[in-house]
Structures are given as structure tokens and as C-alpha cells.
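Asker:
There are 2 protein chains.
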Amino acid sequence: MTQHNHQSAPTQFVETNGIRFAYRRFGKTGGVPLVFNQHFRGTMDHWDPAVIDGLARNREVILFNNAGISSSSGRVPTSFREMGANAIAFIRALELAKVDVLGFSIGGMVAQEIAVQAPDLVRRLILVGTGPRGADMTTSKSAEIFAATYDSPEHLWLAVHFSPSPSSQAAGLAFLERKLSRNDRDPDVSEEAAAAQREAIGKYIAPAENIFDYLKNIRQPTLIVQGSNDVVVPTVNSYILQQNLPNAQLIIYPDSAHGSLFQYPKQFVQHVSLFLSEDEAR
Amino acid sequence: MTQHNHQSAPTQFVETNGIRFAYRRFGKTGGVPLVFNQHFRGTMDHWDPAVIDGLARNREVILFNNAGISSSSGRVPTSFREMGANAIAFIRALELAKVDVLGFSIGGMVAQEIAVQAPDLVRRLILVGTGPRGADMTTSKSAEIFAATYDSPEHLWLAVHFSPSPSSQAAGLAFLERKLSRNDRDPDVSEEAAAAQREAIGKYIAPAENIFDYLKNIRQPTLIVQGSNDVVVPTVNSYILQQNLPNAQLIIYPDSAHGSLFQYPKQFVQHVSLFLSEDEAR
């Protein structure tokens, strides 16, 4: 078969529940595929080719736009519960009975909902730069960062994903170059879609009694990855996830912000590969 | 040369500053050796052969008893600063100019002191189940656990190092079997030595203003490893270390207590190996 990669994989479509989902699927077949859930305002083109291709070497990877995002049809719902249901419908439309699920930022909130709603569908879970329901956002600088203007619009992502240190910013520029190297690109996320995502975040982080209890029901082995100072979803939320999930490993990288997986693509690929290939039994 | 391992490596001695240090040194030569600093009441025989031999496959490992411990002469000082100075004297007596340093529990407190006092001696640092000066011990169950009696005296270590879950306790019994398989064993740590260690802990955890400031001077790449619920040095201290060290990666393992490195020896060896072999530059 053709060996596709992040740059060359064609966008395909699958229709279910009246939604036409755009996706790209490639990598080494024969095992459990890894499904990627993207961050706020992100499309399939917002992943790091170094991460995706690194992981595709040993497993099948599936990128997709959830309902209402970019080249997928439908509307973005205003809750992660509904986004999770849409993601499950997409995975089932591909006739997959078992997948590993990775979610980054709000994609990690969707990934948790997938595990809650369809526990049998999920073998392992990877949660990057994210938080639980009722996440502590008091130190988040998300609003300022997304409202500010930048020399180049793409430099928004340097502020979101990377720390102010020279080495982190240099890693950020290298990431942007990798990210922008694909020609056949997805359309940008609409303002309407971003507004629905924002509304979902607002509901999700509202405090409530015993709000972390649902985490006890996510029994899949889980890998949590975070930057040392995430300015979007504060780092402490990853610690809270680890402490409340029954079977979770946490990795925090140094001198990093929201996009630690893009700052340390080599280590991230190694850590995720180790985690996904660990013996089933602990 | 002879291929020694954790079971067969002979105990050797080196004398400096009037102290005769007992040590064992084996593994793959040619790189930077890894020096191990042991926990409260521990000797060279309290390491896990699966961890030590796993790491010795790709690097030289050096186990030793610090001054006043077991087969080493001298007295145990009542501060980690002095224990750090003794460890540095030992490393220099072996004519080593650069080492990697691993410290577990109070060994991690000694390891930090080594890095503070002899920054040029240390290439990388690994801190397991430990905390900073002024560590938050409010939830520690250390006093009860060490004061209790057990069916078999060795089962003290099941309570210290492993969580109450069946799978963790099973991992604990397997660890004890590995640990006790060496015949030629070090003498137990004396009550006098343990009392000095206790006094050092008391001084170390005393709160003081800006007590974490010294961590900013430990600039070595550092790997922090911890169990999800360390009943001896509470887990939050590893998070505090990560947040205050300039270049530290944190890994927390699931369903584990003080001895996460003994519960997950395979993952620990893989994670440490990755960390020690990462490119110098970040």
C-alpha cells in the first residue's frame, strides 16, 4: 500500500448522523488505531507532522475534524458531551470496535467524554494540556492571548503553545515551519464554530459539588502530558486529573506552556509509544 | 572484563576524609556513571536488582553506603548538607569528574545537596519519591508506618513502598523476592545511624521564607519520579520540585506509593534511559 504521511495523506470523508466528517488516516496498520482530538480553533492541519509521523511509524493514526469544524459539515455543539457523541459516531462510522484516543486541550475534554460515553470503544487514553470538568482556570491567560494581535497571525501560536524562553520560542518557530509545510490545507475554523467551542468551555469549567467523581469511571490506562506552565489550561489541572483518575500516568515537561507535545516532539513520541505498548496488565 | 550484576558485584572500598566507603560498581563502561543515593535505613541491598541491572545494561552504575551506613565507616551526620559533602568526597575519591546522580527518598535530598555544592560534578539528576527543603509532610504516614509491627519484618517495605491495591501488593512481593536474592548482604543500618537520619529530616523540612529559592540554582536537567500517593514523602512535593526547578521533567505513576521505581521497574528503566540519553541541548 501507499505509505502516506502527515503531508501527503488525502482528506477522506465518511457520513453518519447527517454529518460528513473529514479525516485523514495513515500509518502502520494491524494494531489499534490512535484517534486525535484537536484544540480550540484547530483543524487537522494544526497537528505537528513530527508528532503524527513519529507515532504513525508504529501504528495507524486518524486525524479528523469534528462536526462543524473546517472541512466537516454540521454544527459545533455547545457542550463537550455532544462533541464526544459526535466523535463516537465518527469512530463507529469507520467500523472501528476499539481505538486509542488522544485529546489535546479542548480535544482532551472531548476525549474524556468519549471514554465516559463509550468505555468499550476506548483501549487507552492520552490527555495533553487539558483539565477535568470544573477545571481551575483562575490563572489562565487564554482570553488575553487569543484577543491580542501579533506581528504575524501565526505567532498567536507561539504565545499559546510555547514559553517565553529563547529555546522554547526557537522550538516554536521550528514547529510553525513543520506545521505550515502541507500544501493542501483545511479551511480555517469559522467564528461561529469558535463561539460554540467557547460556550462549551464556559459550561465545562463551571464548579459543582463532587465534580471530579466521573473520573473514577474512566478506568482505561491514561497518559497525561503537560507543560510546566500552561498559560491556557493551567498545569495544576493535569495534576488534579492524575490524582483523580484510577489509572493515570502524568508527565510534565520543563520550560513549556500549552503545546508541550509540539516543543518536545521526539520525547513525546517516545513517551506515548512506551505507554501504548506497555503490557496490558499492570 | 567480568560482567558483574547486582547479585554478583563485589563490595569494594575507597578511603577519603578518614571515611572508608563501601561501594559496588558495574555495568557498561565508557559513559557517565550513575551514582545511587539510598533511602532511610537503606543499604546497597535495598535497591531493586531489576532497576539496577536494567540501567547497568547501558551505563556504569555505582551503589554505595554513605558515611556511617552499614559497611561504610564513619558517622551519619545530622544534616543532608553534610551527607551531600560526604557523597561528593566519595565520588571524587573514585576520581570521577562527571557523574549522573540518582537519589531516592532521603537519598534525593542528598542528591540535591550534591548538585548545590558541586554543580560541575553533576551532569543530570534523578529525584525519586523525594521533596525539597521545607517539604510538606503534613499528610505523611511515615511515623506510623515505621513504628508498626509486621507479620514478617520485611513487610514493612510493602507498607512503605506499595499501595494497598492487590496489584501493587503483588508487585511488592515480587520486589522483595528480587531484593532478597543476593547472598552476600550488607549489615543492617544501626539505630544510631537511623536516629541521625531522622534528625536530618527534621531540620530539612522546617519551614522558612523563600525556602525553594535554592532550587533555581540546580540547573541540571532533572527527572523527578513519584508514585500517585506517596505515604512517606507526599506526592505533592514532587510537583513542587518540578514547578521550582528550572529544567525538570516530572513522571507520576498510577496506583503507587513511595517505591514507584520498584513497582514499575521496566517503565522506570525505560524512562530513565530515555532521559539520560536525550540530546544535551533542549
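Those sequence lines, one after another, are chains E and W. To convert a position in the first sequence, counted from 1, into the working numbering, add 126. To convert a position in the second sequence, counted from 1, into the working numbering, add 126. Every residue gets a Cβ at the ideal spot worked out from N, C-alpha and C, and that includes glycine. Here the structure is a predicted model, which means the values were calculated and not measured.
Below 7 Å CB to CB, which residues in the same chain sit around W/Arg304 once its five sequence neighbours on both sides are set aside?
Answerer: Here residue 304 of chain W is taken as the residue at index 178 of the second sequence, counted from 1. If we look at W/Arg304 and ignore the five residues flanking it on each side, its Cβ neighbours are Asp174, Pro175 and Ala176.
Asker: Mind checking if W/Ile188 is an interface residue toward chain E, Cβ cutoff 8 Å exclusive?
Answerer: Within the second sequence, numbered from 1, the residue matching residue 188 of chain W stands at position 62. Cβ-Cβ to chain E under 8 Å: no for W/Ile188.
Asker: Hey, would you say W/Thr204 sits closer than 8 Å to W/Ala285, going by beta carbons?
Answerer: Sequence index remark: in the second sequence, residue 204 of chain W carries index 78 (1-based). Sequence index remark: in the second sequence, residue 285 of chain W carries index 159 (1-based). No, these two residues do not count as a Cβ contact at 8 Å.
Asker: Just mark E/Asn212 as buried or exposed, buried being the case when its beta carbon has 16 or more other beta carbons within 10 Å.
Answerer: Here residue 212 of chain E refers to the residue found at position 86 when the first sequence is read from its first residue. E/Asn212 is buried by the Cβ-count criterion.
Asker: Under the rule that 16 or more other beta-carbon atoms within 10 Å means buried, what is W/Ala374, buried or exposed?
Answerer: By one-based count along the second sequence, residue 374 of chain W stands at place 248. Looking at its Cβ environment, which holds 16 or more other Cβ atoms inside 10 Å, W/Ala374 is buried.
Asker: Would you verify that the beta carbon of E/Asn373 is, or is not, closer than 8 Å to some beta carbon of chain W?
Answerer: Counting from 1 along the first sequence, the entry for residue 373 of chain E is found at position 247. Cβ-Cβ to chain W under 8 Å: yes for E/Asn373.
Asker: Please specify which runs of the alpha helix (DSSP H), each continuous and at least 4 residues long, are wholly inside the stretch 273-319 of chain W, giving them in chain order.
Answerer: 282-287 and 292-305
Asker: Shorter than 8 Å from the beta carbon of W/Gln393 to some beta carbon of chain E?
Answerer: For the purposes of this step, residue 393 of chain W is identified with residue 267 of the second sequence, where counting begins at 1. Closer than 8 Å to some Cβ of chain E, the Cβ of W/Gln393 qualifies, so yes.
Asker: DSSP puts W/Arg151 in a beta bridge; with which residues?
Answerer: Translated into the one-based positions of the second sequence, residue 151 of chain W becomes position 25. In the DSSP output, where bridge partners are listed per residue, W/Arg151 has W/Ile188.
Asker: Kindly list the residues whose CB is nearer than 7 Å to the CB of E/Arg311, restricted to its own chain and excluding five residues on each side of it in sequence; keep chain order.
Answerer: Start at 1 with the first residue of the first sequence, and residue 311 of chain E comes out as number 185. Here the set comprises Asp171.
Asker: In chain W, what lies closer than 9 Å to E/Leu400 by C-beta?
Answerer: What you label residue 400 of chain E is simply residue 274 of the first sequence in a count that begins at 1. Simply Gln393, Gln396, His397 and Leu400.
Asker: With 16 other CB atoms within 10 Å as the buried threshold, where does E/Gly144 fall?
Answerer: As a first step, residue 144 of chain E is located in the first sequence; it is residue number 18 there, counting from the start. With fewer than 16 other Cβ atoms within 10 Å, it is exposed.
Asker: Tell me whether E/Leu302 is buried or exposed, calling it buried when 16 or more other Cβ atoms sit within 10 Å of its Cβ.
Answerer: What you label residue 302 of chain E is simply residue 176 of the first sequence in a count that begins at 1. Counting Cβ neighbours within 10 Å, E/Leu302 comes out buried, since at least 16 surround it.
Asker: Based on DSSP bridge pairs, tell me the residues matched to E/Asp226.
Answerer: In the first sequence, residue 226 of chain E corresponds to position 100, counting from 1. BP columns for E/Asp226 point to E/Leu160.
Asker: When the Cα atoms are used, what is the spatial distance from W/Gly298 to W/Ala244?
Answerer: Translated into the one-based positions of the second sequence, residue 298 of chain W becomes position 172. Translated into the one-based positions of the second sequence, residue 244 of chain W becomes position 118. Distance between the alpha carbons of W/Gly298 and W/Ala244 is about 35 Å.
Asker: If distances are taken between C-alpha atoms only, which option among W/Val395, W/Leu160 and W/Pro380 comes closest to W/Thr290?
Answerer: Start at 1 with the first residue of the second sequence, and residue 290 of chain W comes out as number 164. Rather than Thr, the amino acid found at residue 290 of chain W in this sequence is Pro. Sorting W/Val395, W/Leu160 and W/Pro380 by C-alpha distance to the C-alpha of W/Pro290 places W/Pro380 at the top.
Asker: Starting from E/Thr394 and walking both ways along the alpha helix (DSSP H), at which residues does that stretch end?
Answerer: Working through the first sequence from its first residue, we reach residue 394 of chain E at position 268. In the sequence as presented, Thr is not what sits at residue 394 of chain E; that position holds Phe. DSSP places E/Phe394 inside the alpha helix (DSSP H), whose first and last residues are Pro391 to Ser403.
Asker: Determine the direct distance from the alpha carbon of E/Glu325 to that of W/Leu341, and round the result to whole angstroms.
Answerer: Working through the second sequence from its first residue, we reach residue 341 of chain W at position 215. Working through the first sequence from its first residue, we reach residue 325 of chain E at position 199. Taking the straight line from one Cα to the other gives about 40 Å.
Asker: For W/Ala407 and W/Arg345, I'd like the C-alpha separation in whole angstroms.
Answerer: Against the second sequence, residue 407 of chain W aligns to sequence position 281. Against the second sequence, residue 345 of chain W aligns to sequence position 219. Caution is warranted here: a pLDDT of 40 is assigned to W/Ala407, below 50, making its placement in the model unreliable, and the coordinate value is therefore given only provisionally. Their backbone Cα atoms lie some 13 Å apart in a straight line.
Asker: Would W/Ile344 count as contacting chain E if we go by Cβ distances under 8 Å?
Answerer: Position 218 of the second sequence, counted from the first residue, corresponds to residue 344 of chain W. Not one chain E Cβ lies under 8 Å of W/Ile344.
Asker: By the criterion of Cβ-Cβ separation under 7 Å, what are the contact partners of W/Ile252 in chain E?
Answerer: The residue labelled residue 252 of chain W in the question sits at position 126 within the second sequence. Simply none; closest approach about 14 Å.
Asker: Output, in chain order, the set of chain W residues within a Cβ distance shorter than 7 Å of E/Gln368.
Answerer: Within the first sequence, the letter at position 242 stands for residue 368 of chain E. What E/Gln368 touches in chain W: Ser354 and Ile378.
Asker: Does the beta carbon of W/Asp262 come closer than 8 Å to any beta carbon on chain E?
Answerer: Within the second sequence, numbered from 1, the residue matching residue 262 of chain W stands at position 136. No, its Cβ sits nowhere closer than 8 Å to a Cβ of chain E.
Asker: On a CA-only basis, which of W/Thr275, W/Phe152 and W/Glu208 is nearest W/Arg183? Give me that one, please.
Answerer: Taking the second sequence and counting its residues from 1, one reaches residue 183 of chain W at position 57. Here the closest residue by C-alpha is W/Phe152.
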